[in-house]
Amino acid sequence: MVDPLEASPAIPCQTAGMTSHYEAIVIGAGVGGIYQIKRLADLGIEATVLEAGGDLGGTWYWNRYPGARFDSESYTYGYSFSRELLDEWHWKETFSGQPENLRYLNHVADKFGLRKYMQFNCRVDQARYDEAQNLWFVTVSDGRTLTCRFLILTLGLLSIPTLPRLDGMGSFKGRSFHTFHWPHEPVDMKGKRVAVVGTGATGIQVIGEIADKVGDLTVFQRRPNWSAPLNNSAISAERMADIRKRYDEIFAACARSPGGFEHEPDRRGFYEVTREERVALWDKLYDEPGFGIWLANFREIFTDEKANAEFSEYIADRIRKRVKDPKVAEKLIPRDHGFGVQRVPMETRYFEAYNQPNVHLVDLGETPLVRETATGLETTERKYDFDIIVYATGFDAITGAFDKIDIEGAGGLKLADKWRTTISTYLGMMVHGFPNMLMPAGPQSGSASTNYPRGIETGVNWCTDFLEHVLAKGYTRFEATEAAEKRWTDHVTGMYAMMLMRKAKSWFTGYNSNVPGHEQGTIRYLVYNGGAPKYVGIINSAAMKGYTDVVFDGGKIPPSGSQPRATSPSRA
Ligand code: NA7
Numbered sequence: 007m008v009d010p011l012e013a014s015p016a017i018p019c020q021t022a023g024m025t026s027h028y029e030a031i032v033i034g035a036g037v038g039g040i041y042q043i044k045r046l047a048d049l050g051i052e053a054t055v056l057e058a059g060g061d062l063g064g065t066w067y068w069n070r071y072p073g074a075r076f077d078s079e080s081y082t083y084g085y086s087f088s089r090e091l092l093d094e095w096h097w098k099e100t101f102s103g104q105p106e107n108l109r110y111l112n113h114v115a116d117k118f119g120l121r122k123y124m125q126f127n128c129r130v131d132q133a134r135y136d137e138a139q140n141l142w143f144v145t146v147s148d149g150r151t152l153t154c155r156f157l158i159l160t161l162g163l164l165s166i167p168t169l170p171r172l173d174g175m176g177s178f179k180g181r182s183f184h185t186f187h188w189p190h191e192p193v194d195m196k197g198k199r200v201a202v203v204g205t206g207a208t209g210i211q212v213i214g215e216i217a218d219k220v221g222d223l224t225v226f227q228r229r230p231n232w233s234a235p236l237n238n239s240a241i242s243a244e245r246m247a248d249i250r251k252r253y254d255e256i257f258a259a260c261a262r263s264p265g266g267f268e269h270e271p272d273r274r275g276f277y278e279v280t281r282e283e284r285v286a287l288w289d290k291l292y293d294e295p296g297f298g299i300w301l302a303n304f305r306e307i308f309t310d311e312k313a314n315a316e317f318s319e320y321i322a323d324r325i326r327k328r329v330k331d332p333k334v335a336e337k338l339i340p341r342d343h344g345f346g347v348q349r350v351p352m353e354t355r356y357f358e359a360y361n362q363p364n365v366h367l368v369d370l371g372e373t374p375l376v377r378e379t380a381t382g383l384e385t386t387e388r389k390y391d392f393d394i395i396v397y398a399t400g401f402d403a404i405t406g407a408f409d410k411i412d413i414e415g416a417g418g419l420k421l422a423d424k425w426r427t428t429i430s431t432y433l434g435m436m437v438h439g440f441p442n443m444l445m446p447a448g449p450q451s452g453s454a455s456t457n458y459p460r461g462i463e464t465g466v467n468w469c470t471d472f473l474e475h476v477l478a479k480g481y482t483r484f485e486a487t488e489a490a491e492k493r494w495t496d497h498v499t500g501m502y503a504m505m506l507m508r509k510a511k512s513w514f515t516g517y518n519s520n521v522p523g524h525e526q527g528t529i530r531y532l533v534y535n536g537g538a539p540k541y542v543g544i545i546n547s548a549a550m551k552g553y554t555d556v557v558f559d560g561g562k563i564p565p566s567g568s569q570p571r572a573t574s575p576s577r578a
């Protein structure tokens, strides 16, 4: 069997014409890395992007499973930096699917001539800062060691897939893959006995899509998730023309909203309106596209147990109405957490799938999985035989990709050790002890809890403006202070205190039963919950004050030069 986590063939790095020293090395050619190299190229900074995958696209290169698509409105997901790009791209669906998303990212890279800066099939194994030379030494899987002054990590927040730790993993003789490693060639599932393990955002997308295309589908659900309809639709030429006219307005709305979406919270108090008024809002939102049901709801849903319970019960009733077998319906209703305290998966025909005779739900809460076998899976109750097993079992989220690289900062300090029990950053973009290292969309940044590209553009713009400042002043070394890092981390931690989310077993709180040390009870403060406007305000203020939380060149007085400036959250 192919190892589901190592499905890509070993192809040597493409190194023709590449040198071994750069001013900046960017790791990762996903949505973040593509924009980051664009900004660096525009400034004439000599830089390269090292990408482990066989091509660019990150999330949209890897996740090719059926049903993979945006939960963000497509026109709020695309880059906002180029009017020309906005004017020429036609998003075909309100929530665009993976093939189209990958085409879009390729179009961006080709349009702006970015491919020439990228090296594919280049997995970075180690990045080591050398204090004496003030350089980063970056070791690539083909044995090369590259050097750079500035290291920029755009590694992706969900790029290290994880599998269950079951007895017999690897013994299945049929086809088996993690959704992240879905094969690039079509998988024939017609008439096949298929298992899907996991009912997070990914599992829910896959199940809704394949239920009527396979022979038999068995869903292994450990805990149900609250989920609501995506309500996707095609975008006609007329509607796209209107969207193009409104882009300024759309991005302004995203910049105003906590989540970086068009959806803004209902500012009325939950208890100030009647039950009928609340239900009227929920009925409206349930039928509308996208995350409105989560993000355009009353704000108390996120912070007040009673309000959250009332709304959760509303959604539970919706599930009961859609699933014919009441016993199955009850199994699909979460009991251990309220709506929206974990990432809400958006679904298409998900609940209706369970009304089909070929779809079976196995409640792992009652009968846990015990092993993978040569022919399928075994629970405490019985053995199941399959042709295909799909593991939709999630990711070593947010810090996994950082842990995977041996990152060594000043004085031999390893990032994995610094972050072993609790993580700390400065604005989610720098780490004390790791000079000349930037993370435009790092842990504790605004990106992790918002519409990713909106947060990514903000982060890339801030980091690039910062680098411009460094270069204009003639600095060669920067490092966030320990005190500033502590202040930021305390602020991020404090934000969790008011959120019901802090109690959830989800990747927002750093939970993953498949990663040693990340099991339940080990909450890690990984995402910034203060909302995009507050985040942008704070990072802009840090820039306007002249980056006083950062020590340059070991504290030397700067020569006079450029003035710091604020990063625009929208189009540059
Ligand atoms: P998630 O949201 O982490 O979901 C993973 C699912 O897999 C979830 O239902 C887990 O159950 C289940 N799981 C994980 N490990 C096991 C084992 N060992 N046995 C049985 N079931 C297991 O990942 P997704 O890929 O769905 O979504 C990640 C993000 O990608 C998503 O939020 C989007 O932003 C895109 P559990 O709930 O832990 O009991």
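Numbering (my numbering), first residue to last: 7 to 578. Beta carbons: idealized from backbone N, C-alpha and C, even for Gly.
Can the beta-carbon of residue i be found closer than 8 Å to that of residue j?
| i | j | result |
| --- | --- | --- |
| LEU506 | ASN314 | yes |
| VAL32 | THR145 | no |
| ARG150 | PHE143 | no |
| GLY516 | HIS524 | yes |
| PHE317 | ILE307 | yes |
| TYR320 | TRP288 | yes |
| ASN518 | ASP402 | yes |
| TYR71 | VAL225 | no |
| VAL396 | VAL521 | no |
| SER430 | GLU491 | yes |
| PHE267 | ASN457 | yes |
| VAL130 | ILE411 | yes |
| GLU463 | TYR41 | yes |
| ASN364 | ASP222 | yes |
| ARG155 | GLU29 | yes |
Looking at the structure shown, is residue i part of a helix, part of a strand, or coil, going by DSSP?
| i | result |
| --- | --- |
| LYS251 | helix |
| CYS469 | helix |
| HIS96 | coil |
| PHE143 | strand |
| PRO459 | helix |
| HIS366 | strand |
| LEU477 | helix |
| LEU338 | coil |
| ILE51 | coil |
| CYS128 | coil |
| ILE429 | coil |
| SER80 | helix |
| SER547 | helix |
| PRO332 | helix |
For residue i, report the span of its beta strand (DSSP E) as first-last.
| i | result |
| --- | --- |
| PHE514 | It is not in any beta strand (DSSP E) - PHE514 carries neither H nor E in the DSSP assignment. |
| LYS389 | 389-391 |
| GLY84 | Looking at the DSSP string, GLY84 is not in any beta strand (DSSP E), and its letter there is neither H nor E. |
| ASP222 | 222-227 |
| ARG382 | The displayed chain sequence assigns Gly, not Arg, to residue 382. From DSSP, the beta strand (DSSP E) with GLY382 extends over 382-385. |
| THR168 | Neither: THR168 is in no beta strand (DSSP E) and is coded neither H nor E. |
| HIS27 | 27-33 |
| VAL556 | 556-558 |
| ILE413 | 412-414 |
Need the endpoints of the alpha helix (DSSP H) that residue i sits in, please.
| i | result |
| --- | --- |
| GLY500 | 488-503 |
| PHE317 | 311-328 |
| LEU421 | 421-424 |
| HIS190 | Where HIS190 is concerned, there is no enclosing alpha helix (DSSP H), given that its DSSP letter is neither H nor E. |
How about residue i: is its C-beta nearer than 8 Å to some C-beta of chain B?
| i | result |
| --- | --- |
| CYS128 | No chain B appears in this structure, which consists of one protein chain only. |
Take the Cβ of residue i as the centre, count every other Cβ of all protein chains shown within 10 Å, and call the residue buried at 16 or more, exposed below.
| i | result |
| --- | --- |
| VAL285 | exposed |
| SER233 | buried |
| THR208 | buried |
| SER547 | exposed |
| GLN227 | buried |
| GLN125 | buried |
| MET436 | buried |
| SER26 | exposed |
| PRO351 | buried |
Margin query: Would you call the region 192-202 in contact with the region 332-343, where contact means no fewer than 3 C-beta pairs closer than 8 Å?
Written below: Judged by Cβ distances under 8 Å, the region 192-202 makes no contact with the region 332-343, as fewer than three pairs qualify.
Margin query: Check whether the region 32-49 and the region 468-481 touch, using three or more Cβ-Cβ pairs below 8 Å as the test.
Written below: Taking 8 Å as the limit for Cβ pairs, the verdict is that the region 468-481 does touch the region 32-49.
Notebook entry, point to check: Is the region 362-372 in contact with the region 414-433, if contact means three or more CB pairs nearer than 8 Å?
Noted result: The answer is no - the region 414-433 does not touch the region 362-372, with fewer than three Cβ pairs under 8 Å.
Note to self: Using 8 Å as the cut-off, can you tell me whether the region 180-189 makes contact with the region 474-493, which would need three or more C-beta pairs spanning the two stretches below that distance?
What the structure shows: Not touching, per the Cβ criterion.
Notebook entry, point to check: Contact between the region 52-61 and the region 72-92: three or more CB pairs below 8 Å?
Noted result: No: fewer than three Cβ pairs fall under 8 Å.
Check: Between the region 64-81 and the region 100-117, are three or more C-beta pairs nearer than 8 Å?
Finding: Segments in contact, yes.
Notebook entry, point to check: Just checking, does the region 493-502 make contact with the region 381-399 on the three C-beta pairs under 8 Å criterion?
Noted result: The answer is no - the region 381-399 does not touch the region 493-502, with fewer than three Cβ pairs under 8 Å.
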